[in-house]
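Asker: So that we are looking at the same thing, I have put the structure below in structure tokens.
Residue numbers (my numbering): 510 to 632.
Here's what the structure looks like:
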């Protein structure tokens with residue numbers, strides 16, 4: 510089974526210039542802890558609630574004006590939509606992460622997959 514068969518397709522995203530307060534409200538309102546950062550339909554980063562605390566608040570940035578670009582994780586982990594569930598589960602286990610953005614082979618964001626999605630599919 511391929512990841513595209515189990516991923517969540519309709520994903521909330523933000524742009525690199527989205528300000529931290531807007532990101533935080535979106536996370537609160539949607540009850541999520543991470544958001545893909547997309548520019549011209551391509552994945553350029555991820556911002557997590559932890560990133561906001563560690564890279565913006567703890568570093569003393571003005572969180573009223575700081576942006577996703579300033580807070581996002583520098584290393585982007587993702588998987589391809591045509592990878593198998595088993596491959597992605599193994600990778601997520603090695604990296605110790607709970608969710609991954611899913612991109613097509615042109616690196617356009619097409620969804621997000623979680624450990625829960627994958628574990629249900631692998632049964």
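All C-beta atoms, glycine included, are put in the ideal place defined by N, C-alpha and C.
Which residue comes first and which comes last in the beta strand (DSSP E) that contains residue 597?
Answerer: Run containing residue 597: none in the beta strand (DSSP E); it sits in the alpha helix (DSSP H), 594–604.
Asker: What did DSSP end up calling residue 625 once you bin it into helix, strand or coil?
Answerer: Residue 625 falls in the helix class under three-state DSSP.
Asker: Taking all protein chains shown into account, decide if residue 609 is buried (16 or more other Cβ within 10 angstroms of its Cβ) or exposed.
Answerer: Per the 10 Å Cβ criterion, buried.
Asker: Between residue 561 and residue 580, which are expected to be in contact by the criterion C-beta below 8 Å, what is the C-beta distance as a whole number of angstroms?
Answerer: Their Cβ separation, rounded to whole angstroms, is 5 Å, which keeps residue 561 and residue 580 in contact under 8 Å.
Asker: Which value, in whole angstroms, describes the spacing of the CA atoms of residue 572 and residue 542?
Answerer: So the alpha carbons of these two residues sit roughly 17 Å apart.
Asker: Exposed or buried, what is residue 583 when buried is set at 16 or more other beta-carbons lying within 10 Å of its beta-carbon?
Answerer: Per the 10 Å Cβ criterion, exposed.
Asker: Determine the direct distance from the alpha carbon of residue 517 to that of residue 621, and round the result to whole angstroms.
Answerer: Their Cα atoms are separated by approximately 5 Å.
Asker: Reducing DSSP to helix, strand and coil, say where residue 614 ends up.
Answerer: If DSSP states are grouped into helix, strand and coil, residue 614 belongs with coil.
Asker: Pull the bridge partners of residue 548 from the DSSP assignment, please.
Answerer: According to DSSP, residue 548 bridges with 551.
Asker: May I ask which residues mark the beginning and end of the alpha helix (DSSP H) holding residue 535?
Answerer: From DSSP, the alpha helix (DSSP H) with residue 535 extends over 529–539.
Asker: Whole angstroms is fine: what's the gap from residue 552's alpha carbon to residue 525's?
Answerer: Spanning the two alpha carbons is a distance of roughly 10 Å.
Asker: According to DSSP, is residue 564 part of a helix, a strand, or is it coil?
Answerer: Here residue 564 sits in helix by DSSP.
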